[in-house]
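Report on the following structure.
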Amino acid sequence: MTTTPPPVAPDITSSDTATGRIPQQNGTPRAGRSRAFTAWVEQVCREDAGARSALRSGLRKELDSVRRMHRLVAPWLPEPRSADMERAYYTVAAMIAAQPRSAPAAHDHTAAGPAQADEQVPSHTPQRRRTSLGTAFAIAVTAGPGREKEMRAGTAESRLNLLTRQSVNGLHRHLPASVAYLRSVGVDVDWAQLLDDLATWRKDSGRISRTWLQDFYRLRDKDAAQQAADADVEDLTAEPTATSAGT
């Protein structure tokens, strides 16, 4: 059975999330804690069917009705914390556990470029570029694993716009279905970024919504522009052949 993480303590320095230990928070504590927590939940769900079941049981439930989740989630909760942040930890853990068993494991969002402005990482850790939910929706449209699983652009746009208009309660109610769909078609979700977005939605929903929508349209339209450019190249390449055939 997977080891339950120990209670949070400010002097914990281990970086071994496999044993459930919370790494020392360098730079921005929230960013490091969110990533460590979501990585640990993903591993627990792979290795411990009982823990996965306990976490999944809290999907779409209020915090007073998720007794089975507390032993797994409570040790990771930061102090001090808001009610919204606490709820975000439970909701994201439940969504990770509720992924389809056939869904591919989420990739580590690692990039050579600099981290986001609000994210600092230890010098010995690879810098990671965090991605928004808008990026995930765009990928579902532009890079589906197969045409039969590819999300239609209109559907993705409607789902994303619906989410951006929600209150905190509405977002927690609608998000699981959208995230489950993304994972069912093999699209990664940056769970750590989503956790942070949920935790601050009440005061930062305008900024977060703008980021989601900008990322979605930028990536979606970039793909469309590339397809148009590729088509132009194909047309130019085919023209001499057509002329020679006529001659």
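Position 170 of the sequence shown, counting from 1, maps to 169 under numbering that gives the first Met the number 0, and the rest follow consecutively. Positions of the beta carbon are idealized from the N, C-alpha and C atoms, including for glycine. None of these values were measured; they are calculated from a predicted model.
The beta-carbon separation of alanine 93 and leucine 54, rounded to 6 Å, stays under the 8 Å limit for a contact.
C-alpha of serine 56 to C-alpha of proline 99: approximately 14 Å in a straight line. Segment contact: the region 175 to 183 against the region 68 to 76, fewer than three CB-CB distances shorter than 8 Å; contact not assigned.
Here serine 64 is exposed, its C-beta having fewer than 16 other C-beta atoms within 10 Å. Counting C-beta pairs with one atom in each stretch, the region 157 to 165 and the region 201 to 212 have three or more that are closer than 8 Å, which means they touch. With distances taken between CA atoms, serine 131 lies nearest to Arg209 out of Arg209, Lys221, Leu58. Burial is judged here by how many other beta carbons sit within 10 angstroms of a residue's own beta carbon; aspartate 220 has fewer than 16 and is exposed. Threonine 236 counts as exposed, since fewer than 16 other beta carbons sit within 10 angstroms of its beta carbon. Taking alanine 198 as reference, the option from Arg67, Ile138, Lys60, Val91 with the minimal CA-CA separation is Val91.
Pairing threonine 134 with glutamate 78, the inter-Cα distance amounts to about 31 Å. The beta-carbon distance between leucine 159 and tyrosine 88, rounded to whole angstroms, is 23 Å. This is too long to meet the 8 Å contact definition.
One thing to note: leucine 212 has its Cβ no nearer than 8 Å to the Cβ of threonine 141. Taking 8 Å as the cut-off, the Cβ atoms of alanine 137 and aspartate 214 count as close. Collapsing the DSSP output to three states places aspartate 83 in a helix. In chain order, Leu62, Leu76 place their CB closer than 8 Å to the CB of glutamate 85, counting only its own chain and leaving out the 5 sequence neighbours on each side. Residue Lys60 holds the alpha-carbon nearest to the alpha-carbon of glycine 169 among Ser33, Lys60, Arg32. Of the residues Ala96, Ala152, His171, the one whose Cα lies closest to the Cα of phenylalanine 36 is Ala96. Look at arginine 34 here: in three-state DSSP terms it is helix. Comparing C-alpha distances from tyrosine 216 to each of Ala179, Ser177, Ala176, Glu156 shows the shortest one belongs to Glu156. Under the three-state reduction of DSSP, methionine 150 is assigned to coil, being neither helix nor strand. According to the DSSP assignment, glutamine 192 belongs to the alpha helix (DSSP H) that extends over 190 to 198.
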